[in-house]
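Take the position in the sequence shown, starting the count at 1, then add 228; the result is the number in the numbering used here.
Ideal Cβ positions, reconstructed from N, Cα and C, are used throughout, including at glycine.
Below is one structure; the comments refer to it alone.
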Amino acid sequence: MKIYLATDNQLEAIAKHDPDCSPSLLREVVEEMLNRNLFDRMIIQCFQTVLGSLKRMNEVHSLELEDFLQIGRTSVFEAIKKFIPGKGKAFSSFAYMVIKQKFVECIKYLEAEKRDQRNEFREIETEEGLNILDLMPSYINIEKYVIKKITLENLLNKLTKRQRQIVDLFLQDYNFDEIAEILGSKGKGRSLNKTYNDAIKKMRKGA
């Protein structure tokens, strides 16, 4: 089957309604759907269910929708590795659960960062004995986190699209073989090592 010739509806029908699809065919289907961003609607729905307001995520954690779409897309790729056909559950349902768990982990991590930032201010008091946090909006507590993210984002923006993809995935703890697989790169992950090193050198020059 020439997957690239399939319509969006045909691809989605396999992912949503065929729990017995062979692993090799399903993998091709999922990769083609990722190439066409066909999982984005499900990722956004999952985001809204778990995290609610994008505006709040942006104001409190300085994160954009694209950040969560990227998390969701890599979660779909993780799901295809774990999915076992023939269990009565179609891939899309399984992927939704994996994405949801990843978003839950993400918000736990961000809230932990927020608490750590808050603790740095806890011992500071005004002359009247009031905790200085009482005088600050809540988002100030993660100012350092936001600054670090903005700094990193500025450095990443100096990279080519290919370098940016590799560094983004490496920061998510993927090894180079896994990154090569995600990006559909020919050869082993070793071939991406030089691209990664060139990207890091470029970022260091801009720091």
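Compute the Euclidean distance between the alpha carbons of L383 and G314, then round it to the nearest angstrom.
Taking the first residue of the sequence shown as 1, we reach residue 383 at position 155. Taking the first residue of the sequence shown as 1, we reach residue 314 at position 86. Computed Cα separation, rounded: 45 angstroms.
Would you tell me roughly how many angstroms separate the C-alpha atoms of V288 and N403, rounded to the nearest one?
One-based indexing of the sequence shown puts residue 288 at position 60. One-based indexing of the sequence shown puts residue 403 at position 175. Near 30 angstroms, if we compare the C-alpha coordinates of N403 and V288.
Buried or exposed: which applies to G300, given that a residue is buried once 16 or more other Cβ atoms fall within 10 Å of its Cβ?
In the sequence shown, residue 300 corresponds to position 72, counting from 1. The residue is buried, with at least 16 neighbouring Cβ atoms inside 10 Å.
How many whole angstroms separate the CB atoms of A318 and A307, which I take to be in contact at a CB cut-off of 8 angstroms?
As a working note, residue 318 is residue 90 in the sequence shown. As a working note, residue 307 is residue 79 in the sequence shown. Their Cβ separation, rounded to whole angstroms, is 12 angstroms, which puts A318 and A307 out of contact at 8 angstroms.
Report yes if the CB atom of V258 is closer than 8 angstroms to the CB atom of F331, and no otherwise.
The sequence position of residue 258 within the sequence shown is 30, counting from 1. The sequence position of residue 331 within the sequence shown is 103, counting from 1. No, they are not a contact pair.
How is D401 classed by DSSP in three states: helix, strand or coil?
Position 173 of the sequence shown, counting from 1, holds the residue named residue 401. DSSP places D401 in coil when its eight states are reduced to three.
Cβ of L387 within 8 angstroms of Cβ of K430?
Here residue 387 corresponds to residue number 159 of the sequence shown, with the count starting at 1. Here residue 430 corresponds to residue number 202 of the sequence shown, with the count starting at 1. Yes, they are a contact pair.
Taking Cβ positions, are I407 and F398 nearer each other than 8 angstroms?
Counted from its first residue, the sequence shown places residue 407 at position 179. Counted from its first residue, the sequence shown places residue 398 at position 170. Yes, the pair counts as a contact, with Cβ atoms nearer than the cut-off.
Between which two residues does the alpha helix (DSSP H) holding P251 run?
Here the question's residue 251 lines up with position 23 in the sequence shown. P251 -> alpha helix (DSSP H) spans 251-263.
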